[in-house]
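Colleague: Here it is, the structure in full.
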Amino acid sequence: MAQILVLGAGIAGMPAAYALKSQLGPKDDVTVVSDQDHFHFVPSNPWVAMGWRKRPDISIPLAPCLDARGIRFIGSGVQALQPEKNQVLLDNGETLSYDYLLIATGVEGNFDEMPGIARHAHSVLNIGQAENTHAAYEAFLKNPGPLVVGAMQGSSILGPVYEFAFMADADLKRRHLRDRVPITLITPEPWPGHLGLGAKNKSQEAFAAALANSNIKVLSNARTLSVEANTVSIAEVDASGREKQPQTIPFSFAVYWPAFRGIPAVRAASTLVNQQGLIEVDEFLRSPSHPNIFAAGICIAREIVDQTPLAVGTPSSVYSIQKEVNTVVANILAQMHGKPLASNTPQRAHWLSDMGKNGAAYLSEPHVPLRDINWLKQGRWVHIAKGEFERYFINKITHKA
Ligand SMILES: Cc1cc2nc3c(=O)[nH]c(=O)nc-3n(C[C@H](O)[C@H](O)[C@H](O)COP(=O)(O)OP(=O)(O)OC[C@H]3O[C@@H](n4cnc5c(N)ncnc54)[C@H](O)[C@@H]3O)c2cc1C
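Under the working numbering, read the sequence shown as residues 19 to 419, first letter to last.
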């Protein structure tokens with residue numbers, strides 16, 4: 019009988035736990051540990067911040083879903099990993115032993131790098147932040163002024179940064195406030211729509227046109243120097259990374275995207291992680307130092323795809339994470355039964371970006387021979403498809419097949 023422990027009950031952890039339980043033998047135990055007692059559909063956080071979704075729309079209680087599938091659930095944060103002992107310590111004082119560990123604890127924003135973000139701007143990385151951002155947005159609507167949407171150098175998953183700017187544009191137009199709110203997007207990308215993927219072609223043209231149509235000013239190659247009350251200081255850099263004259267951008271409301279790092283317990287497990295506390299894995303999504311530890315989701319350390327003057331991280335998406343989940347589940351089973359493991363094929367980007375009343379769908383697939391497929395289409399159907407995808411994923415977590 020094997021003990022499989024899954025840490026984290028998000029986009030990676032829940033589907034992985036379901037698949038493990040259904041494919042393992044009846045005597046094998048699967049336990050899920052999460053600091054939250056609900057699953058949250060993170061991609062809808064920007065909608066929560068806009069007030070287009072409420073917490074209950076995108077949250078599901080974990081215990082009944084896991085219980086119905088014979089999976090044990092422990093609602094406690096992870097305090098420390100002890101890979102040498104095959105044990106995990108929890109905030110509730112329990113110590114859990116495992117034969118196989120799957121880490122899927124996501125990330126946290128590295129606000130220490132730029133404390134002004136937490137003090138003077140808003141974020142949407144988790145549902146609590148998104149709700150606070152919405153409360154601040156409502157207050158801002160009573161006395162509107164310049165709005166800044168920014169991303170730190172070294173940040174990744176920048177699609178939602180654009181989404182937020184486009185959604186704010188659409189929302190403010192609906193409220194007849196747009197002419198009182200200049201919107202500025204500040205990004206470390208060398209050009210808008212780079213997204214950590216490069217491949218300068220269709221996405222650059224389409225993003226530039228969409229931003230211009232929405233009258234959103236963009237500062238790219240922009241290093242954020244500080245975030246103060248009502249101002250952001252930035253310096254654009256040239257192709258060699260040399261800083262130009264610093265500029266100060268005023269704001270009445272700012273949403274900022276910090277760089278990511280692992281959650282504290284994962285960060286502290288020095289034999290498993292890189293400098294940012296993100297988990298190092300091999301081609302099998304397995305820790306090189308501890309072969310019974312696997313990882314899936316945005317807690318994984320990813321190689322930079324395209325070297326840029328300012329660092330831009332490689333994105334993950336729900337789609338690419340589901341591919342990782344399939345690989346990890348197959349490899350845990352293979353390892354248990356002494357069979358060969360399968361390599362994970364990185365799926366760089368399949369994404370639906372909401373733009374308020376329409377949206378942009380893109381596909382970037384650098385692993386297809388003859389270099390990239392780069393495809394981008396815009397239209398109202400993307401806005402609708404994104405809502406349908408949210409419903410599909412939530413149903414997948416809620417209902418037993
Ligand atoms: C704001 C935002 C918008 C995004 N939008 C999209 C999108 O539109 N499309 C797309 O394809 N991708 C999107 N992504 C990227 C990606 O799909 C999501 O980040 C996704 O949630 C990552 O899944 P995950 O399982 O790695 O992390 P999460 O879904 O965040 O799950 C992490 C889990 O770990 C738990 N946890 C955290 N700390 C602890 C602890 N100490 N102990 C125990 N458990 C813990 C959490 O409670 C949670 O259950 C977005 C990301 C963000 C941040």
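For glycine and all other residues, C-beta sits at the position ideal for the given N, C-alpha and C.
Using only CA atoms, which one of Gly172, Ala169, Phe312, Ala329 lies nearest to Leu119?
Modeller: Taking the sequence shown and counting its residues from 1, one reaches residue 119 at position 101. Looking at the Cα atoms, Phe312 is the closest of the given residues.
Colleague: Among the candidates Ser251, Gly95, Phe91, whose CA atom is the shortest distance from the CA of Val166?
Modeller: By one-based count along the sequence shown, residue 166 stands at place 148. Comparing Cα-Cα distances from Val166 to each of Ser251, Gly95, Phe91, the minimum goes to Ser251.
Colleague: Near Asp46, which residues of its chain fall below 7 Å by C-beta distance, leaving aside the five closest residues on each side in sequence?
Modeller: By 1-based counting over the sequence shown, the position of residue 46 is 28. Taken in chain order, the residues that qualify are Met19, Ala20, Ile22.
Colleague: Given a threshold of 16 other Cβ atoms within 10 Å of its Cβ, counted over all protein chains shown, does Leu290 qualify as buried or as exposed?
Modeller: Working through the sequence shown from its first residue, we reach residue 290 at position 272. Buried: at least 16 other Cβ atoms inside 10 Å.
Colleague: Taking 7 Å as the cut-off, is the CB of Ile350 close to at least one heavy atom of ligand 1?
Modeller: Position 332 of the sequence shown, counted from the start, is the residue given in the question as residue 350. The answer is no for Ile350.
Colleague: Would Pro126 and Ile281 be called neighbours here (beta carbons separated by less than 8 Å)?
Modeller: Residue 126 sits at position 108 when you count from the first residue of the sequence shown. Residue 281 sits at position 263 when you count from the first residue of the sequence shown. In the sequence under discussion, the amino acid at residue 126 is Glu, which differs from the Pro named in the question. Taking 8 Å as the Cβ cut-off, Glu126 and Ile281 qualify as a contacting pair.
Colleague: Give a single yes or no on whether Asn150 has its beta carbon closer than 7 Å to a heavy atom of ligand 1.
Modeller: Within the sequence shown, numbered from 1, the residue matching residue 150 stands at position 132. Because no heavy atom of ligand 1 lies under 7 Å away, the Cβ of Asn150 does not count as near it: no.
Colleague: For the candidate residues Pro164, Arg71, Ser115, Ser338, whose alpha-carbon lies nearest to that of Ala30?
Modeller: As a first step, residue 30 is located in the sequence shown; it is residue number 12 there, counting from the start. Answer by Cα proximity: Ser338.
Colleague: Taking only heavy atoms of ligand 1 into account, decide whether any of them is closer than 7 Å to the Cβ of Gln54.
Modeller: As a first step, residue 54 is located in the sequence shown; it is residue number 36 there, counting from the start. Yes; taking the cut-off as 7 Å, the Cβ of Gln54 has a heavy atom of ligand 1 nearer than that.
Colleague: If Arg71 sits next to Trp65, beta carbons under 8 Å apart, how far is it from one beta carbon to the other, in whole angstroms?
Modeller: Residue numbering aside, residue 71 sits at position 53 when the sequence shown is read from its first letter. Residue numbering aside, residue 65 sits at position 47 when the sequence shown is read from its first letter. At roughly 4 Å, the Cβ-Cβ gap stays under 8 Å, so Arg71 and Trp65 are in contact.
Colleague: Taking the alpha carbon of Gly177 as the point to measure from, which residue in Pro264, Asn344, Asn310, Leu370 has its own alpha carbon closest?
Modeller: Walking along the sequence shown from the start, residue 177 turns up at place 159. Ranking the options by Cα distance to Gly177, first place goes to Leu370.
Colleague: Excluding the 5 residues flanking Ala360 on each side, which residues of the same chain have their C-beta closer than 8 Å to its C-beta?
Modeller: Counted from its first residue, the sequence shown places residue 360 at position 342. The residues are Phe302, Thr345, Ala348, Asn349, Ala352.
Colleague: Below 8 Å between beta carbons: does that hold for Val179 and Ala67?
Modeller: Residue 179 sits at position 161 when you count from the first residue of the sequence shown. Residue 67 sits at position 49 when you count from the first residue of the sequence shown. The answer is no: Cβ separation not under 8 Å.
Colleague: Taking the C-alpha atoms as reference points, what is the distance between Ala257 and Val199?
Modeller: Here the question's residue 257 lines up with position 239 in the sequence shown. Here the question's residue 199 lines up with position 181 in the sequence shown. Taking the straight line from one Cα to the other gives about 31 Å.
Colleague: Would DSSP call Glu254 helix, strand or coil?
Modeller: For the purposes of this step, residue 254 is identified with residue 236 of the sequence shown, where counting begins at 1. It is a strand residue.
Colleague: Does the beta-carbon of Thr123, which I'm using as the reference point, lie nearer than 7 Å to any heavy atom of ligand 1?
Modeller: Translated into the one-based positions of the sequence shown, residue 123 becomes position 105. For ligand 1, at least one heavy atom lies less than 7 Å from the Cβ of Thr123.
Colleague: On a CA-only basis, which of Ala329, Pro309, Ser270 is nearest Ala277? Give me that one, please.
Modeller: On the sequence shown, residue 277 is found 259 positions in, with the first residue counted as 1. That would be Ala329, whose Cα lies nearest to the Cα of Ala277.
Colleague: Taking only the alpha-carbon atoms, compute the straight-line gap between Ala34 and Val336 and give it to the nearest angstrom.
Modeller: In the sequence shown, the residue the question calls residue 34 occupies position 16. In the sequence shown, the residue the question calls residue 336 occupies position 318. Taking the straight line joining both Cα atoms gives about 13 Å.
Colleague: Jot down the residue ranges of each uninterrupted beta strand (DSSP E) in the stretch 197-277, minimum 3 residues, whole runs only, in chain order.
Modeller: Whole beta strand (DSSP E) segments, 3+ residues: 201-204, 234-237, 240-246, 249-254, 265-268, 271-275.
Colleague: When the Cα atoms are used, what is the spatial distance from Ala148 to Asn63?
Modeller: For the purposes of this step, residue 148 is identified with residue 130 of the sequence shown, where counting begins at 1. For the purposes of this step, residue 63 is identified with residue 45 of the sequence shown, where counting begins at 1. Approximately 6 Å between the Cα atoms of the pair.
Colleague: Cα separation between Asn413 and Thr151?
Modeller: Against the sequence shown, residue 413 aligns to sequence position 395. Against the sequence shown, residue 151 aligns to sequence position 133. Distance between the alpha carbons of Asn413 and Thr151: 27 Å.
Colleague: Quick one: residues in its chain with C-beta nearer than 6 Å to the C-beta of Asp324, no 5 flanking neighbours on either side, listed in chain order?
Modeller: For the purposes of this step, residue 324 is taken as residue 306 along the sequence shown, with counting starting at 1. These residues qualify, in order along the chain: Gly216.
Colleague: CB-CB under 8 Å to Glu156, same chain, minus the five flanking residues each way: which ones, in chain order?
Modeller: Within the sequence shown, residue 156 is the residue found at index 138, counting from 1. These residues qualify, in order along the chain: Gly69.
Colleague: Classify Pro44 as helix, strand or coil using the three-state DSSP reduction.
Modeller: Within the sequence shown, the letter at position 26 stands for residue 44. It is coil, neither helix nor strand.
Colleague: Is it the case that the Cβ atoms of Phe91 and Leu107 are separated by a distance below 8 Å?
Modeller: Counting from one through the sequence shown, the residue named residue 91 turns up at place 73. Counting from one through the sequence shown, the residue named residue 107 turns up at place 89. It is not a contact, given that the beta carbons lie outside the stated cut-off.
Colleague: What is the DSSP secondary structure of Ala35, counted as helix, strand or coil?
Modeller: Within the sequence shown, residue 35 is the residue found at index 17, counting from 1. Residue state, collapsed to three classes: helix.
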